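Position one of the sequence shown corresponds to residue 0 (numbering that gives the first Met the number 0), numbered consecutively onward. Idealized CB from N, CA, C, for every residue including glycine. Nothing here was measured: the structure is a model prediction, and the numbers come from that model. Here's the structure, in C-alpha coordinates; my notes come after.
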Amino acid sequence: MWIYLRRNGDRGMRIDQRKKWYQKIKYNKNFKIVSFITIILVCVVGYMMITGKNRVGEETDDNNDGNSVETIVIEAPDDPLGDLKQYVEADTDSTEIAEYDYTIQGAGTVASKKKEDKGSSSSGTDRTSGGSGYGGSSVVISGMENSVRVILTNGGDYYQSYVEFTCSTGFNVTSDGKKKTYKADEFVSLGSDNKASSIIVEPESSDGMITVSSLSKSSGTPRYHGALEITKDSSGYMIINQVDIEQYLYGVVSSEVSSSYSPEALKAMAICARGFTYRKLGSNYRGYNADLDDTTSCQVYNNFPETGNSIDAVQSTSGIVPTYNGEIINAVYFSTSCGTTTTSDQVWGGSMPYTCTRIQNTALDIPYFSDEAAFRDFMDGKTDTDVVERNLPMYRWTVTYTEDEMRNAVETGLSRCSDVSATSVGKIKSIMVTGRDDSGLVKEVTITGDKGSVVVSGQSNIRVLFATDGKAITEQDGSELTGWTGVPSNFYYVKKDNDTGLYTLKGGGYGHGVGMSQNGANELAKLGYTAAQIISHYYNGAVLSSVEK
(Lines of atoms letter the chains of each structure in order from A and count residues from 1; the text may use other names and numbers.)
(Lines give C-alpha, C1' and ligand atoms only; values in the text may rest on other atoms or scores of the structure.)
Protein backbone atom coordinates (compact mmCIF):
# COMPACT_ATOMS: atom_id res chain seq x y z
CA MET A 1 0.00 0.00 0.00
CA TRP A 2 1.19 0.77 1.54
CA ILE A 3 0.70 8.07 6.59
CA TYR A 4 -1.77 10.35 3.23
CA LEU A 5 -7.39 16.96 1.06
CA ARG A 6 -10.72 17.24 -0.07
CA ARG A 7 -12.11 17.08 -3.51
CA ASN A 8 -15.49 18.78 -3.44
CA GLY A 9 -14.84 22.41 -4.18
CA ASP A 10 -11.89 21.68 -6.49
CA ARG A 11 -14.17 22.00 -9.49
CA GLY A 12 -15.11 25.55 -8.61
CA MET A 13 -11.55 26.53 -7.78
CA ARG A 14 -9.81 24.88 -10.70
CA ILE A 15 -7.39 27.17 -12.51
CA ASP A 16 -7.58 26.20 -16.16
CA GLN A 17 -4.92 27.96 -18.16
CA ARG A 18 -7.22 27.99 -21.12
CA LYS A 19 -9.62 30.22 -19.21
CA LYS A 20 -7.19 32.85 -17.95
CA TRP A 21 -8.36 35.34 -20.62
CA TYR A 22 -11.77 35.30 -18.96
CA GLN A 23 -10.23 36.07 -15.59
CA LYS A 24 -8.54 39.13 -17.08
CA ILE A 25 -11.89 40.43 -18.34
CA LYS A 26 -13.32 40.03 -14.84
CA TYR A 27 -10.37 41.85 -13.23
CA ASN A 28 -11.51 45.41 -13.84
CA LYS A 29 -15.04 44.58 -12.76
CA ASN A 30 -13.89 43.16 -9.46
CA PHE A 31 -11.12 45.68 -8.71
CA LYS A 32 -13.30 47.93 -6.60
CA ILE A 33 -14.63 44.99 -4.57
CA VAL A 34 -11.13 43.65 -3.96
CA SER A 35 -9.89 47.09 -2.89
CA PHE A 36 -12.78 47.47 -0.44
CA ILE A 37 -12.06 44.03 1.08
CA THR A 38 -8.36 44.87 1.35
CA ILE A 39 -9.14 48.03 3.34
CA ILE A 40 -11.29 45.99 5.75
CA LEU A 41 -8.54 43.40 6.23
CA VAL A 42 -5.97 46.10 6.98
CA CYS A 43 -8.27 47.52 9.64
CA VAL A 44 -8.80 44.09 11.22
CA VAL A 45 -5.06 43.34 11.33
CA GLY A 46 -4.38 46.74 12.85
CA TYR A 47 -7.07 46.13 15.44
CA MET A 48 -5.52 42.80 16.45
CA MET A 49 -2.03 44.29 16.70
CA ILE A 50 -3.21 47.14 18.87
CA THR A 51 -5.41 45.07 21.18
CA GLY A 52 -3.08 42.06 21.41
CA LYS A 53 -5.68 39.62 20.15
CA ASN A 54 -4.72 36.73 17.92
CA ARG A 55 -8.29 36.21 16.74
CA VAL A 56 -11.11 38.70 16.64
CA GLY A 57 -12.98 38.44 19.94
CA GLU A 58 -10.33 36.19 21.57
CA GLU A 59 -7.85 37.26 24.23
CA THR A 60 -4.19 36.26 24.02
CA ASP A 61 -2.63 35.30 27.35
CA ASP A 62 1.03 34.30 27.47
CA ASN A 63 0.49 32.88 30.94
CA ASN A 64 -2.53 30.73 30.13
CA ASP A 65 -3.55 27.75 32.23
CA GLY A 66 -2.49 25.19 29.64
CA ASN A 67 -6.02 24.38 28.53
CA SER A 68 -5.70 25.50 24.92
CA VAL A 69 -4.60 23.39 21.98
CA GLU A 70 -2.75 24.76 19.01
CA THR A 71 -3.42 23.15 15.66
CA ILE A 72 -0.86 24.12 13.03
CA VAL A 73 -0.88 23.28 9.35
CA ILE A 74 2.78 23.24 8.35
CA GLU A 75 3.51 24.92 5.06
CA ALA A 76 5.86 23.51 2.48
CA PRO A 77 9.14 25.42 2.20
CA ASP A 78 9.25 28.14 -0.43
CA ASP A 79 5.68 27.40 -1.48
CA PRO A 80 4.93 30.15 -4.03
CA LEU A 81 1.19 29.99 -3.25
CA GLY A 82 1.85 30.37 0.42
CA ASP A 83 -0.87 28.47 2.25
CA LEU A 84 -1.64 24.78 1.91
CA LYS A 85 -5.03 25.26 3.55
CA GLN A 86 -6.66 27.28 0.79
CA TYR A 87 -6.72 24.76 -2.05
CA VAL A 88 -9.81 22.79 -1.06
CA GLU A 89 -13.04 23.27 0.83
CA ALA A 90 -15.08 21.05 3.11
CA ASP A 91 -16.18 17.71 1.68
CA THR A 92 -19.88 17.20 2.31
CA ASP A 93 -19.75 13.44 1.70
CA SER A 94 -19.71 11.78 5.09
CA THR A 95 -19.85 8.21 3.82
CA GLU A 96 -17.43 5.94 5.64
CA ILE A 97 -15.01 3.72 3.77
CA ALA A 98 -15.65 0.08 4.44
CA GLU A 99 -12.39 -1.55 3.43
CA TYR A 100 -9.75 1.09 4.01
CA ASP A 101 -11.15 3.40 6.68
CA TYR A 102 -10.78 1.15 9.69
CA THR A 103 -12.24 2.62 12.83
CA ILE A 104 -11.09 1.42 16.20
CA GLN A 105 -13.59 -1.17 17.32
CA GLY A 106 -13.95 -2.84 20.68
CA ALA A 107 -10.51 -1.86 21.88
CA GLY A 108 -10.90 1.64 23.21
CA THR A 109 -11.64 5.12 21.99
CA VAL A 110 -9.76 7.87 20.23
CA ALA A 111 -10.29 11.43 21.40
CA SER A 112 -8.56 14.77 21.33
CA LYS A 113 -6.87 15.92 24.51
CA LYS A 114 -5.79 19.40 25.40
CA LYS A 115 -2.01 19.71 25.51
CA GLU A 116 -0.14 21.49 28.26
CA ASP A 117 1.53 24.68 27.12
CA LYS A 118 5.28 24.24 27.55
CA GLY A 119 6.10 27.78 26.67
CA SER A 120 6.96 29.54 23.48
CA SER A 121 10.16 29.23 21.52
CA SER A 122 11.73 31.65 19.12
CA SER A 123 12.46 28.74 16.78
CA GLY A 124 8.91 27.47 17.04
CA THR A 125 10.08 23.91 17.54
CA ASP A 126 7.58 23.04 20.25
CA ARG A 127 4.74 24.58 18.29
CA THR A 128 5.20 22.67 15.06
CA SER A 129 5.91 19.06 14.27
CA GLY A 130 8.70 20.04 11.96
CA GLY A 131 11.06 20.86 14.79
CA SER A 132 10.47 18.59 17.76
CA GLY A 133 8.11 16.03 16.27
CA TYR A 134 5.12 17.31 18.25
CA GLY A 135 2.12 19.04 16.74
CA GLY A 136 -1.08 20.58 18.00
CA SER A 137 -3.07 18.21 20.19
CA SER A 138 -2.18 14.88 21.70
CA VAL A 139 -4.31 11.83 20.94
CA VAL A 140 -5.41 9.76 23.88
CA ILE A 141 -5.95 6.06 23.21
CA SER A 142 -7.81 4.25 25.97
CA GLY A 143 -8.23 0.55 26.62
CA MET A 144 -5.49 -0.63 24.26
CA GLU A 145 -2.23 -2.43 24.71
CA ASN A 146 0.75 -0.94 22.97
CA SER A 147 1.05 -3.96 20.70
CA VAL A 148 -0.28 -5.10 17.35
CA ARG A 149 -1.24 -8.55 16.07
CA VAL A 150 0.09 -9.33 12.59
CA ILE A 151 -0.71 -12.37 10.45
CA LEU A 152 2.54 -13.72 9.00
CA THR A 153 2.25 -15.03 5.45
CA ASN A 154 4.35 -17.21 3.18
CA GLY A 155 3.99 -16.16 -0.45
CA GLY A 156 0.81 -14.37 0.61
CA ASP A 157 -0.73 -17.53 2.10
CA TYR A 158 -2.18 -17.32 5.59
CA TYR A 159 -1.99 -21.05 6.31
CA GLN A 160 1.22 -23.10 6.43
CA SER A 161 1.63 -26.87 6.29
CA TYR A 162 4.41 -26.76 8.89
CA VAL A 163 6.23 -24.25 11.11
CA GLU A 164 9.90 -24.26 12.12
CA PHE A 165 11.50 -21.73 14.41
CA THR A 166 14.23 -20.93 16.92
CA CYS A 167 15.16 -17.93 19.06
CA SER A 168 18.27 -15.86 19.77
CA THR A 169 17.71 -16.29 23.53
CA GLY A 170 16.15 -18.96 25.68
CA PHE A 171 12.45 -19.29 24.93
CA ASN A 172 9.27 -20.96 26.10
CA VAL A 173 6.81 -22.90 23.95
CA THR A 174 3.36 -23.45 25.47
CA SER A 175 1.32 -26.08 23.61
CA ASP A 176 -2.33 -26.33 24.69
CA GLY A 177 -1.36 -25.05 28.14
CA LYS A 178 1.78 -27.20 28.59
CA LYS A 179 4.99 -25.17 28.75
CA LYS A 180 8.44 -26.34 27.67
CA THR A 181 11.64 -24.32 27.87
CA TYR A 182 14.27 -24.31 25.12
CA LYS A 183 17.81 -22.96 24.96
CA ALA A 184 18.95 -20.22 22.59
CA ASP A 185 19.17 -21.40 18.98
CA GLU A 186 17.45 -24.69 19.80
CA PHE A 187 15.29 -25.75 16.84
CA VAL A 188 11.56 -26.53 17.04
CA SER A 189 9.49 -28.06 14.23
CA LEU A 190 5.70 -28.34 14.08
CA GLY A 191 4.47 -30.73 11.41
CA SER A 192 1.23 -32.37 10.40
CA ASP A 193 1.58 -34.91 13.24
CA ASN A 194 1.54 -32.21 15.92
CA LYS A 195 -1.60 -32.55 18.04
CA ALA A 196 -1.68 -29.14 19.72
CA SER A 197 -4.12 -26.59 18.34
CA SER A 198 -2.70 -23.56 20.20
CA ILE A 199 1.02 -22.86 20.56
CA ILE A 200 2.55 -19.74 22.15
CA VAL A 201 6.24 -18.95 21.57
CA GLU A 202 7.82 -16.39 23.92
CA PRO A 203 11.47 -15.36 24.32
CA GLU A 204 12.69 -15.37 27.92
CA SER A 205 14.49 -12.06 27.31
CA SER A 206 12.92 -8.88 25.96
CA ASP A 207 15.66 -8.60 23.35
CA GLY A 208 15.11 -12.14 22.06
CA MET A 209 14.18 -12.46 18.40
CA ILE A 210 12.37 -15.46 16.93
CA THR A 211 13.61 -16.78 13.58
CA VAL A 212 10.88 -18.54 11.57
CA SER A 213 12.83 -20.65 9.09
CA SER A 214 9.71 -22.08 7.48
CA LEU A 215 8.81 -18.61 6.13
CA SER A 216 10.55 -17.13 3.12
CA LYS A 217 10.75 -13.41 2.46
CA SER A 218 12.57 -11.35 -0.18
CA SER A 219 15.52 -10.91 2.17
CA GLY A 220 15.54 -14.59 3.21
CA THR A 221 14.55 -16.03 6.56
CA PRO A 222 12.70 -13.48 8.73
CA ARG A 223 13.25 -12.70 12.44
CA TYR A 224 10.60 -11.26 14.74
CA HIS A 225 10.40 -9.26 17.95
CA GLY A 226 7.63 -10.10 20.39
CA ALA A 227 5.83 -13.43 20.63
CA LEU A 228 4.22 -15.85 18.19
CA GLU A 229 0.73 -17.25 18.54
CA ILE A 230 0.38 -20.33 16.34
CA THR A 231 -2.99 -22.00 15.81
CA LYS A 232 -3.75 -25.19 13.93
CA ASP A 233 -6.96 -26.33 12.26
CA SER A 234 -7.96 -28.32 9.19
CA SER A 235 -6.48 -25.62 6.91
CA GLY A 236 -3.04 -25.80 8.52
CA TYR A 237 -1.04 -23.50 10.78
CA MET A 238 -1.64 -19.77 11.12
CA ILE A 239 1.08 -17.63 12.70
CA ILE A 240 0.30 -14.33 14.40
CA ASN A 241 3.11 -12.12 15.66
CA GLN A 242 2.08 -10.05 18.68
CA VAL A 243 4.65 -7.30 18.87
CA ASP A 244 5.20 -3.85 20.31
CA ILE A 245 3.97 -1.28 17.79
CA GLU A 246 7.28 0.58 17.63
CA GLN A 247 9.22 -2.64 17.04
CA TYR A 248 6.69 -3.65 14.40
CA LEU A 249 7.34 -0.36 12.62
CA TYR A 250 11.07 -1.11 12.39
CA GLY A 251 10.20 -3.89 9.94
CA VAL A 252 7.50 -1.90 8.14
CA VAL A 253 9.68 1.10 7.31
CA SER A 254 12.52 -1.10 6.03
CA SER A 255 10.11 -3.12 3.89
CA GLU A 256 7.96 -0.32 2.54
CA VAL A 257 10.80 1.94 1.39
CA SER A 258 14.53 1.69 0.88
CA SER A 259 16.58 2.35 3.99
CA SER A 260 18.81 4.52 1.80
CA TYR A 261 16.02 7.13 1.60
CA SER A 262 16.65 10.54 3.10
CA PRO A 263 16.14 10.56 6.90
CA GLU A 264 13.14 12.92 6.72
CA ALA A 265 11.43 10.68 4.17
CA LEU A 266 12.00 7.66 6.42
CA LYS A 267 10.52 9.62 9.33
CA ALA A 268 7.47 10.52 7.24
CA MET A 269 7.08 6.85 6.37
CA ALA A 270 7.29 5.89 10.04
CA ILE A 271 4.66 8.48 10.99
CA CYS A 272 2.25 7.36 8.27
CA ALA A 273 2.77 3.68 9.07
CA ARG A 274 2.18 4.35 12.77
CA GLY A 275 -1.05 6.20 12.04
CA PHE A 276 -2.22 3.43 9.72
CA THR A 277 -1.42 0.86 12.42
CA TYR A 278 -3.39 2.64 15.14
CA ARG A 279 -6.36 2.90 12.80
CA LYS A 280 -6.30 -0.89 12.38
CA LEU A 281 -6.11 -1.84 16.06
CA GLY A 282 -9.11 -3.88 17.14
CA SER A 283 -10.37 -4.33 13.59
CA ASN A 284 -10.44 -8.17 13.80
CA TYR A 285 -8.90 -8.18 10.35
CA ARG A 286 -10.84 -10.53 8.06
CA GLY A 287 -12.14 -12.34 11.14
CA TYR A 288 -8.75 -13.79 12.09
CA ASN A 289 -8.38 -12.20 15.54
CA ALA A 290 -5.58 -10.01 14.24
CA ASP A 291 -5.21 -6.33 13.39
CA LEU A 292 -3.59 -6.69 9.96
CA ASP A 293 -1.36 -8.92 7.85
CA ASP A 294 2.17 -8.48 6.54
CA THR A 295 1.32 -7.90 2.86
CA THR A 296 0.47 -4.96 0.60
CA SER A 297 -3.17 -5.46 1.61
CA CYS A 298 -2.14 -3.64 4.79
CA GLN A 299 1.54 -2.76 5.22
CA VAL A 300 4.49 -4.84 4.12
CA TYR A 301 6.20 -6.07 7.28
CA ASN A 302 9.58 -7.76 7.64
CA ASN A 303 9.92 -8.56 3.95
CA PHE A 304 13.25 -6.84 4.44
CA PRO A 305 14.82 -6.82 7.91
CA GLU A 306 15.00 -3.72 10.06
CA THR A 307 18.05 -1.53 9.62
CA GLY A 308 19.77 1.14 11.65
CA ASN A 309 18.12 3.80 9.49
CA SER A 310 14.62 2.33 9.84
CA ILE A 311 15.06 2.00 13.61
CA ASP A 312 16.30 5.59 13.86
CA ALA A 313 13.30 6.84 11.85
CA VAL A 314 10.86 5.08 14.17
CA GLN A 315 12.59 6.02 17.40
CA SER A 316 13.03 9.68 16.42
CA THR A 317 9.27 9.95 15.77
CA SER A 318 8.19 7.69 18.63
CA GLY A 319 4.49 8.03 19.38
CA ILE A 320 3.89 10.61 16.62
CA VAL A 321 0.83 10.15 14.38
CA PRO A 322 -0.86 12.33 11.74
CA THR A 323 -4.22 13.70 12.85
CA TYR A 324 -7.06 15.69 11.34
CA ASN A 325 -9.67 17.41 13.52
CA GLY A 326 -8.35 15.55 16.56
CA GLU A 327 -8.52 12.06 15.04
CA ILE A 328 -5.79 9.83 13.65
CA ILE A 329 -6.04 9.87 9.89
CA ASN A 330 -6.18 6.80 7.68
CA ALA A 331 -2.71 7.47 6.31
CA VAL A 332 -2.82 5.48 3.08
CA TYR A 333 0.18 5.73 0.78
CA PHE A 334 1.53 4.35 -2.49
CA SER A 335 4.81 3.95 -4.35
CA THR A 336 5.11 6.60 -7.07
CA SER A 337 2.82 9.26 -8.52
CA CYS A 338 2.23 10.00 -12.18
CA GLY A 339 2.58 13.66 -11.23
CA THR A 340 -0.84 13.99 -9.57
CA THR A 341 -2.66 12.60 -6.56
CA THR A 342 -6.36 11.86 -6.29
CA THR A 343 -8.95 11.57 -3.53
CA SER A 344 -10.13 8.48 -1.67
CA ASP A 345 -13.70 8.78 -2.95
CA GLN A 346 -12.47 8.43 -6.54
CA VAL A 347 -10.65 5.17 -5.78
CA TRP A 348 -12.64 3.44 -3.04
CA GLY A 349 -15.72 5.57 -2.41
CA GLY A 350 -16.41 7.25 0.91
CA SER A 351 -14.59 10.27 2.22
CA MET A 352 -11.14 11.00 3.59
CA PRO A 353 -11.31 14.80 3.64
CA TYR A 354 -7.53 15.20 3.97
CA THR A 355 -6.78 13.50 0.64
CA CYS A 356 -6.49 15.75 -2.39
CA THR A 357 -6.34 16.16 -6.15
CA ARG A 358 -3.20 18.14 -6.94
CA ILE A 359 -0.23 18.24 -9.27
CA GLN A 360 2.85 17.11 -7.41
CA ASN A 361 5.00 20.17 -7.91
CA THR A 362 5.96 22.61 -5.18
CA ALA A 363 3.25 25.00 -6.35
CA LEU A 364 0.57 22.34 -5.74
CA ASP A 365 -1.43 23.34 -8.81
CA ILE A 366 -4.89 21.88 -9.31
CA PRO A 367 -5.12 19.68 -12.42
CA TYR A 368 -7.85 19.64 -15.05
CA PHE A 369 -7.08 16.25 -16.51
CA SER A 370 -10.65 15.02 -16.91
CA ASP A 371 -10.04 16.57 -20.32
CA GLU A 372 -8.49 13.77 -22.42
CA ALA A 373 -6.28 16.03 -24.53
CA ALA A 374 -4.93 17.80 -21.43
CA PHE A 375 -4.15 14.48 -19.75
CA ARG A 376 -2.33 13.17 -22.83
CA ASP A 377 -0.26 16.34 -23.03
CA PHE A 378 0.68 15.86 -19.38
CA MET A 379 1.63 12.21 -19.92
CA ASP A 380 3.68 13.19 -22.98
CA GLY A 381 5.62 15.87 -21.08
CA LYS A 382 4.13 18.80 -22.97
CA THR A 383 2.86 20.47 -19.80
CA ASP A 384 4.23 20.91 -16.26
CA THR A 385 7.76 19.61 -16.19
CA ASP A 386 8.28 20.60 -12.53
CA VAL A 387 6.78 17.50 -10.90
CA VAL A 388 9.13 16.38 -8.14
CA GLU A 389 9.17 12.74 -9.34
CA ARG A 390 9.70 13.53 -13.01
CA ASN A 391 13.13 11.84 -13.18
CA LEU A 392 12.11 8.57 -11.51
CA PRO A 393 11.83 5.48 -13.74
CA MET A 394 8.17 4.72 -12.93
CA TYR A 395 7.08 8.31 -13.48
CA ARG A 396 6.23 7.20 -17.03
CA TRP A 397 5.85 3.69 -18.45
CA THR A 398 4.51 2.02 -21.60
CA VAL A 399 3.15 -1.37 -22.64
CA THR A 400 2.83 -2.29 -26.33
CA TYR A 401 0.51 -4.91 -27.88
CA THR A 402 -0.11 -6.22 -31.37
CA GLU A 403 -3.77 -6.41 -32.40
CA ASP A 404 -3.94 -10.11 -31.50
CA GLU A 405 -2.12 -9.53 -28.22
CA MET A 406 -4.53 -6.75 -27.30
CA ARG A 407 -7.53 -8.95 -28.03
CA ASN A 408 -6.07 -11.73 -25.86
CA ALA A 409 -5.14 -9.23 -23.14
CA VAL A 410 -8.66 -7.79 -23.03
CA GLU A 411 -10.29 -11.22 -22.95
CA THR A 412 -7.98 -12.29 -20.12
CA GLY A 413 -8.64 -9.03 -18.32
CA LEU A 414 -12.41 -9.32 -18.66
CA SER A 415 -12.25 -12.78 -17.11
CA ARG A 416 -10.62 -11.20 -14.05
CA CYS A 417 -13.07 -8.32 -13.71
CA SER A 418 -15.82 -8.51 -11.12
CA ASP A 419 -19.43 -7.72 -12.06
CA VAL A 420 -18.58 -7.79 -15.79
CA SER A 421 -20.44 -10.49 -17.72
CA ALA A 422 -18.74 -9.99 -21.09
CA THR A 423 -15.82 -12.27 -21.88
CA SER A 424 -15.05 -10.99 -25.39
CA VAL A 425 -16.05 -8.28 -27.85
CA GLY A 426 -14.46 -10.08 -30.77
CA LYS A 427 -12.00 -8.26 -32.97
CA ILE A 428 -11.35 -4.91 -31.35
CA LYS A 429 -12.39 -1.83 -33.28
CA SER A 430 -11.81 0.86 -30.67
CA ILE A 431 -10.68 1.40 -27.09
CA MET A 432 -11.72 4.66 -25.43
CA VAL A 433 -11.29 6.08 -21.96
CA THR A 434 -14.81 7.41 -21.45
CA GLY A 435 -14.36 8.71 -17.92
CA ARG A 436 -11.56 10.38 -15.93
CA ASP A 437 -11.45 12.39 -12.75
CA ASP A 438 -9.62 15.71 -12.57
CA SER A 439 -6.36 14.01 -11.54
CA GLY A 440 -6.37 11.97 -14.76
CA LEU A 441 -7.38 8.74 -13.00
CA VAL A 442 -9.22 6.41 -15.38
CA LYS A 443 -12.80 5.92 -14.20
CA GLU A 444 -14.33 4.12 -17.18
CA VAL A 445 -13.14 2.34 -20.33
CA THR A 446 -15.34 1.43 -23.33
CA ILE A 447 -14.13 -1.31 -25.67
CA THR A 448 -15.97 -1.92 -28.93
CA GLY A 449 -15.48 -4.95 -31.16
CA ASP A 450 -17.21 -6.67 -34.04
CA LYS A 451 -19.29 -8.67 -31.54
CA GLY A 452 -20.39 -5.79 -29.33
CA SER A 453 -19.19 -3.36 -26.70
CA VAL A 454 -18.34 -3.51 -23.01
CA VAL A 455 -18.04 -0.69 -20.49
CA VAL A 456 -15.67 -1.37 -17.58
CA SER A 457 -15.55 0.69 -14.39
CA GLY A 458 -14.21 0.21 -10.88
CA GLN A 459 -10.57 0.71 -9.98
CA SER A 460 -9.73 -2.98 -9.48
CA ASN A 461 -11.30 -3.86 -12.83
CA ILE A 462 -9.56 -1.06 -14.68
CA ARG A 463 -6.23 -2.12 -13.20
CA VAL A 464 -6.52 -5.68 -14.61
CA LEU A 465 -8.50 -4.94 -17.79
CA PHE A 466 -5.42 -4.88 -20.00
CA ALA A 467 -3.65 -8.04 -18.86
CA THR A 468 0.12 -7.78 -18.99
CA ASP A 469 0.92 -11.48 -18.56
CA GLY A 470 4.11 -12.15 -20.46
CA LYS A 471 4.43 -8.50 -21.47
CA ALA A 472 7.25 -6.14 -20.60
CA ILE A 473 6.39 -2.85 -18.93
CA THR A 474 8.98 -0.33 -20.11
CA GLU A 475 9.95 2.43 -17.69
CA GLN A 476 10.94 5.86 -18.94
CA ASP A 477 14.64 5.06 -18.49
CA GLY A 478 14.29 2.06 -20.82
CA SER A 479 14.27 -0.59 -18.08
CA GLU A 480 11.83 -3.44 -18.57
CA LEU A 481 9.68 -5.02 -15.86
CA THR A 482 8.15 -8.46 -16.31
CA GLY A 483 5.99 -10.79 -14.26
CA TRP A 484 3.05 -8.41 -13.99
CA THR A 485 -0.59 -9.33 -14.63
CA GLY A 486 -2.00 -5.80 -14.69
CA VAL A 487 -0.85 -2.21 -15.17
CA PRO A 488 1.12 -0.32 -12.50
CA SER A 489 -1.54 2.36 -12.06
CA ASN A 490 -4.83 3.61 -13.48
CA PHE A 491 -3.28 6.80 -14.79
CA TYR A 492 -2.89 5.95 -18.48
CA TYR A 493 -4.22 6.44 -21.99
CA VAL A 494 -4.51 4.04 -24.94
CA LYS A 495 -3.55 4.82 -28.52
CA LYS A 496 -3.31 2.78 -31.74
CA ASP A 497 -0.83 3.28 -34.56
CA ASN A 498 -2.92 2.73 -37.68
CA ASP A 499 0.18 2.10 -39.78
CA THR A 500 1.61 -0.70 -37.64
CA GLY A 501 -1.58 -1.81 -35.90
CA LEU A 502 0.22 -1.60 -32.53
CA TYR A 503 -1.61 -0.54 -29.38
CA THR A 504 0.29 1.36 -26.70
CA LEU A 505 -0.74 1.99 -23.12
CA LYS A 506 1.13 5.02 -21.85
CA GLY A 507 0.82 5.69 -18.16
CA GLY A 508 2.53 6.98 -15.09
CA GLY A 509 3.14 6.10 -11.48
CA TYR A 510 2.76 2.96 -9.44
CA GLY A 511 -0.13 2.49 -7.02
CA HIS A 512 -3.57 3.89 -6.29
CA GLY A 513 -2.54 7.56 -6.13
CA VAL A 514 -4.20 8.45 -2.80
CA GLY A 515 -2.28 9.97 0.10
CA MET A 516 1.52 9.99 0.25
CA SER A 517 3.74 8.98 -2.62
CA GLN A 518 6.66 7.19 -0.99
CA ASN A 519 9.13 8.07 -3.74
CA GLY A 520 7.70 11.57 -3.88
CA ALA A 521 8.34 11.95 -0.17
CA ASN A 522 11.98 11.10 -0.75
CA GLU A 523 12.24 13.67 -3.54
CA LEU A 524 10.68 16.31 -1.28
CA ALA A 525 13.15 15.41 1.45
CA LYS A 526 15.99 16.02 -1.00
CA LEU A 527 14.55 19.51 -1.55
CA GLY A 528 14.76 20.20 2.19
CA TYR A 529 11.26 19.27 3.34
CA THR A 530 11.00 17.97 6.89
CA ALA A 531 8.89 14.94 7.75
CA ALA A 532 6.16 17.25 9.05
CA GLN A 533 6.16 19.27 5.85
CA ILE A 534 5.99 16.09 3.78
CA ILE A 535 2.93 14.97 5.75
CA SER A 536 1.33 18.38 5.31
CA HIS A 537 2.06 18.25 1.57
CA TYR A 538 0.20 14.98 1.06
CA TYR A 539 -2.57 15.16 3.69
CA ASN A 540 -4.31 18.51 3.55
CA GLY A 541 -4.98 19.99 6.98
CA ALA A 542 -3.21 17.18 8.85
CA VAL A 543 -0.96 17.93 11.82
CA LEU A 544 1.34 15.72 13.84
CA SER A 545 0.22 14.72 17.31
CA SER A 546 1.59 12.54 20.08
CA VAL A 547 -0.11 9.37 21.25
CA GLU A 548 -0.75 9.28 24.98
CA LYS A 549 -2.18 6.33 26.88
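Euclidean distance between Cα positions of residue i and residue j
i           : j           : result
residue 331 : residue 388 : 19 Å
residue 506 : residue 199 : 48 Å
residue 233 : residue 311 : 42 Å
residue 188 : residue 241 : 20 Å
residue 203 : residue 217 : 28 Å
residue 399 : residue 265 : 35 Å
residue 424 : residue 385 : 41 Å
residue 381 : residue 339 : 15 Å
residue 504 : residue 401 : 12 Å
residue 474 : residue 457 : 25 Å
residue 211 : residue 225 : 13 Å
residue 316 : residue 145 : 16 Å
residue 482 : residue 325 : 43 Å
residue 546 : residue 168 : 31 Å
residue 419 : residue 455 : 7 Å
residue 445 : residue 431 : 5 Å
residue 379 : residue 447 : 25 Å
residue 365 : residue 374 : 13 Å
residue 323 : residue 337 : 26 Å
residue 471 : residue 478 : 9 Å
residue 318 : residue 273 : 8 Å
residue 154 : residue 280 : 24 Å
residue 223 : residue 190 : 21 Å
residue 201 : residue 511 : 38 Å
residue 192 : residue 267 : 46 Å
residue 540 : residue 508 : 24 Å
residue 347 : residue 194 : 43 Å
residue 245 : residue 349 : 30 Å
residue 247 : residue 271 : 13 Å
residue 469 : residue 497 : 24 Å
residue 243 : residue 227 : 12 Å
residue 484 : residue 255 : 21 Å
Beta-carbon spacing of residue i, residue j below 7 Å
i           : j           : result
residue 440 : residue 345 : yes
residue 534 : residue 321 : yes
residue 213 : residue 162 : yes
residue 353 : residue 538 : yes
residue 277 : residue 239 : no
residue 165 : residue 197 : no
residue 171 : residue 178 : yes
residue 392 : residue 476 : yes
residue 300 : residue 290 : no
Chain-order list of residues whose beta-carbon lies under 6 Å from that of residue i (same chain, five-residue window excluded)
i           : result
residue 552 : Since the first residue of the chain shown is 0 and the last is 548, residue 552 is not available in this structure.
residue 495 : 502
residue 406 : 427
residue 160 : 235
Own chain, CB closer than 8 Å to residue i, minus 5 neighbours either side, in chain order
i           : result
residue 421 : 413, 451 and 453
residue 158 : 234, 235, 236 and 237
residue 220 : 210, 211, 212 and 214
Whole-number beta carbon distance between residue j and residue i, since they are thought to touch under 8 Å
i           : j           : result
residue 467 : residue 394 : About 18 Å; that fails the 8 Å criterion.
residue 437 : residue 367 : 6 Å
residue 207 : residue 359 : No, residue 207 and residue 359 are not in contact; Cβ-Cβ is about 43 Å, not under 8 Å.
residue 362 : residue 313 : Between residue 313 and residue 362 the Cβ distance is about 32 Å, and since that is not below 8 Å, they are no contact.
Practice prompt. Inspect the CB distances between the stretch 510-524 and the stretch 324-343 and report whether three or more fall short of 8 Å.
Written response: yes
Discussion item. Across the stretch 146-157 and the stretch 284-293, are there enough close Cβ pairs to call them in contact, namely three or more that are closer than 8 Å?
Written reply: yes
Worksheet item: Using 8 Å as the Cβ pair cut-off and three pairs as the minimum, do the stretch 486-501 and the stretch 460-469 touch?
Response: yes
Discussion item. Quick check: the stretch 251-261 against the stretch 176-187, are at least 3 beta-carbon pairs closer than 8 Å?
Written reply: no
Worksheet item: Is it a yes or a no for the stretch 404-419 touching the stretch 523-530, going by three-plus beta-carbon pairs under 8 Å?
Response: no
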